[in-house]
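Chemist: One structure follows; several queries about it will come next.
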Amino acid sequence: MIDPDRFLSDLHMLRQFGASGVGKGVVRRAYSQADIAARDWLAGRMAQAGLSPRFDAMGNLFGLAGEGPGLLLGSHSDSQPEGGWLDGALGVIAALEVARVVPGVSVVSFQDEEGRFGVTTGSAVWSGLLDQDSADALTDHDGVTLAQARAAMADRAGAPVDPARFTGFIELHIEQGPTLDAEGLQIGVVTDIVGIRDMGITYGGQQNHAGTTPMHLRRDAFQALGAFNATINDRFRNVVTPRTVWTIGHVTLHPNASSIVPGRARFSMQWRDAEIDRLDRMEAIIRDTAQEIAAERGLSVDFGPMLGLNPVAMDPSLRAALEAGAETVSPGRWRNLPSGALHDATNVARLMPVAMLFVPSIGGISHAFDEDTDEADLVAGVRVLAEAVRHL
Ligand code: HGY
Ligand code: MN
Ligand code: MN
Numbered sequence: 006m007i008d009p010d011r012f013l014s015d016l017h018m019l020r021q022f023g024a025s026g027v028g029k030g031v032v033r034r035a036y037s038q039a040d041i042a043a044r045d046w047l048a049g050r051m052a053q054a055g056l057s058p059r060f061d062a063m064g065n066l067f068g069l070a071g072e073g074p075g076l077l078l079g080s081h082s083d084s085q086p087e088g089g090w091l092d093g094a095l096g097v098i099a100a101l102e103v104a105r106v107v108p109g110v111s112v113v114s115f116q117d118e119e120g121r122f123g124v125t126t127g128s129a130v131w132s133g134l135l136d137q138d139s140a141d142a143l144t145d146h147d148g149v150t151l152a153q154a155r156a157a158m159a160d161r162a163g164a165p166v167d168p169a170r171f172t173g174f175i176e177l178h179i180e181q182g183p184t185l186d187a188e189g190l191q192i193g194v195v196t197d198i199v200g201i202r203d204m205g206i207t208y209g210g211q212q213n214h215a216g217t218t219p220m221h222l223r224r225d226a227f228q229a230l231g232a233f234n235a236t237i238n239d240r241f242r243n244v245v246t247p248r249t250v251w252t253i254g255h256v257t258l259h260p261n262a263s264s265i266v267p268g269r270a271r272f273s274m275q276w277r278d279a280e281i282d283r284l285d286r287m288e289a290i291i292r293d294t295a296q297e298i299a300a301e302r303g304l305s306v307d308f309g310p311m312l313g314l315n316p317v318a319m320d321p322s323l324r325a326a327l328e329a330g331a332e333t334v335s336p337g338r339w340r341n342l343p344s345g346a347l348h349d350a351t352n353v354a355r356l357m358p359v360a361m362l363f364v365p366s367i368g369g370i371s372h373a374f375d376e377d378t379d380e381a382d383l384v385a386g387v388r389v390l391a392e393a394v395r396h397l
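Here the sequence shown stands for residues 6 to 397, where the numbers follow my numbering.
Structure follows, in structure tokens:
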């Protein structure tokens with residue numbers, strides 16, 4: 006039987022690694038000291054659970070059950086620059102707890118799901134979507150390459166883990182959105198995961214004096230970014246649905262000074278939707294609009310490499326097992342829903358059947374220090390996972 010106290014105490018132990026000191030928040034970036042310490046601790050817990058811990062070259066940490074093929078459960082233990090204590094961590098600790106009570110179940114904590122270096126990088130490499138050399142060339146916002154960052158774990162790297170040893174992958178995760186919480190539900194069984202596109206765009210104008218340069222003579226990179234943002238919001242109107250999202254989350258102006266007209270604006274452009282053709286149409290609008298505004302205003306525009314993952318449907322039989330588990334544990338308090346957040350399950354779906362299970366996020370908050378979930382819902386989630394695994 007699941008031991009709720011052991012499960013919860015491991016969850017609270019994991020949040021100590023990189024504890025932000027604000028609420029239960031964590032700062033545990035991929036390959037940071039806190040991330041590596043957390044992974045070393047997880048490896049120890051896996052060994053105590055009778056699993057064989059194995060790091061691969063990317064720093065993905067597996068806890069391998071015996072020889073025969075079996076289910077893989079897990080998620081990721083790295084966080085956003087400001088993260089909650091449950092994003093990823095819940096799925097890893099729940100997998101560990103289930104592996105303690107159901108023989109033959111393996112556990113994984115993928116590395117850099119939060120994309121310090123890209124988009125779900127650890128599982129992208131493991132699943133073969135991204136080759137190691139291309140991954141190694143990716144840089145974070147400070148210019149550090151993934152190759153440099155993962156060198157800190159080189160001494161732990163063992164042989165690659167062969168995906169063929171697993172029959173399927175199930176990931177328990179917080180919803181990170183408002184639906185379950187708003188509807189007073191305890192469990193979500195995921196139907197499909199949206200697709201994503203992500204790229205950097207740079208406007209190059211002319212750095213100049215903020216006092217002496219008349220407005221009509223300026224080639225102001227921030228003004229170009231502002232016009233770009235307003236124009237795509239307008240042009241997206243008849244392309245998007247209420248579930249489509251797009252975000253400019255990271256902006257760096259150069260030289261970023263009050264009395265200098267910014268000569269350069271580099272910003273992240275990310276968009277997500279359940280339909281590939283809508284993602285493609287949005288990409289065309291983004292590229293065309295960025296170039297039009299550069300031409301009108303006499304600036305240069307450069308597009309970085311575009312990273313992306315396509316929408317993926319969950320495996321029907323794994324999903325049915327989760328639905329049966331949900332009905333047993335939380336009768337009448339569960340529903341199906343799509344995932345607006347991205348997950349390692351999208352990459353793993355290239356190799357084997359996958360399915361996902363959600364528990365509510367209070368107020369729908371995530372990727373923030375005050376991300377939280379009621380402990381009763383956390384325990385219900387791990388119970389549903391165990392029921393589903395037994396069912397399978
Ligand atoms: O951005 C995402 O959807 C994931 O939480 N990294
Ligand atoms: Mn996550
Ligand atoms: Mn996340």
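Think of the CB as a built atom: it goes at the ideal place given N, C-alpha and C, for glycine as much as any other residue.
As the structure is a computational prediction, the values presented were derived from the model and not from experiment.
Comparing alpha-carbon positions, which option in Leu91, Gly173, Phe22, Thr172 lies nearest Asp375?
Modeler: Per the Cα distances, Leu91.
Chemist: Could you give the first and the last residue of the continuous alpha helix (DSSP H) run that contains Ala104?
Modeler: It spans 94–106 - the alpha helix (DSSP H) in which Ala104 sits, taken as one unbroken run.
Chemist: Quick one: measure Cβ to Cβ for Tyr36 and Ala154, integer angstroms, because I've assumed they're closer than 8 Å.
Modeler: With 8 Å as the limit, Tyr36 and Ala154 qualify as a contact, their Cβ atoms being about 4 Å apart.
Chemist: How would you label Gln53, buried or exposed, when you count the other beta carbons within 10 angstroms and need 16 or more for buried?
Modeler: Exposed: under 16 other Cβ atoms inside 10 Å.
Chemist: Can you give me the C-alpha to C-alpha distance between Ile237 and Thr351, rounded to a whole angstrom?
Modeler: Distance between the alpha carbons of Ile237 and Thr351 is about 28 Å.
Chemist: Just confirm the distance between the C-beta atoms of Val124 and Val112, as a whole number of angstroms; I'd bet it's less than 8 Å.
Modeler: Not really, about 23 Å apart at Cβ, beyond 8 Å.
Chemist: Enumerate in chain order the residues of its own chain whose CB-to-CB distance from Leu94 is below 6 Å, with the five nearest sequence positions on each side excluded.
Modeler: Checking the displayed sequence, the identity of residue 94 turns out to be Ala instead of Leu. Once the five neighbours on either side are set aside, the close Cβ partners of Ala94 are Leu19, Ser82.
Chemist: Flag this pair as yes or no: are the beta carbons of Arg59 and Leu47 separated by less than 7 Å?
Modeler: Cβ atoms of Arg59 and Leu47: not closer than 7 Å.
Chemist: Mind listing, in chain order, the continuous beta strand (DSSP E) runs of no fewer than 3 residues lying wholly within the stretch 128–208?
Modeler: For the stretch 128–208, whole beta strand (DSSP E) runs of length 3 or above, ordered along the chain, are 171–179, 192–198.
Chemist: Going straight from the alpha carbon of Gly189 to that of Asp285, what length do you get?
Modeler: Computed Cα separation, rounded: 36 Å.
Chemist: Taking Cβ to Cβ, would you say Phe174 is nearer than 7 Å to Leu56?
Modeler: No; because the gap between Cβ atoms is not below 7 Å, this pair is not in contact.
Chemist: Return the chain-ordered list of same chain residues with a C-beta closer than 7 Å to the C-beta of Asp45, the five sequence neighbours on each side being excluded.
Modeler: Excluding residues within five positions, none has a Cβ falling inside 7 Å.
Chemist: Give me, in chain order, the residues of the same chain whose beta-carbon lies closer than 6 Å to that of Phe12; leave out the 5 immediate sequence neighbours on both sides.
Modeler: Glu102, Val387, listed in sequence order.
Chemist: Please name the residue in Ala42, Pro183, Phe22 whose C-alpha comes closest to that of Thr378.
Modeler: For Thr378, the nearest C-alpha among the options comes from Pro183.
Chemist: Please list, in chain order, all residues of the same chain as Val130 whose beta carbon is under 7 Å from its beta carbon, the five residues on each side excluded.
Modeler: Contacts found: Met63, Gln137, Ala140.
Chemist: Rounding to the nearest angstrom, what Cα-Cα distance links Ala331 and Ile206 in this structure?
Modeler: Each residue's alpha carbon lies about 43 Å from the other.
Chemist: When the Cα of Gly109 is compared with those of Pro219, Glu72, Val256, which residue comes out closest?
Modeler: Considering only alpha carbons, the answer is Glu72.
Chemist: Could you spell out where the alpha helix (DSSP H) holding Ala270 opens and where it closes?
Modeler: Counting along the chain, Ala270 falls outside any alpha helix (DSSP H), though it belongs to the beta strand (DSSP E) covering 269–278.
Chemist: Could you tell me if Gln296 is buried or exposed, where buried requires 16 or more neighbouring beta carbons within 10 angstroms of its beta carbon?
Modeler: Exposed: under 16 other Cβ atoms inside 10 Å.
Chemist: Report the three-state DSSP secondary structure of Leu390 (helix, strand or coil).
Modeler: Correct three-state label for Leu390: helix.
Chemist: Mind the definition here: the stretch 264–281 touches the stretch 209–226 only if three or more C-beta pairs lie below 8 Å; say whether that holds.
Modeler: Yes: the two stretches touch, three or more of their Cβ pairs being nearer than 8 Å.
Chemist: Measuring CA to CA, which of Thr144, Glu392, Gly30 is closest to Ala373?
Modeler: Considering only alpha carbons, the answer is Gly30.
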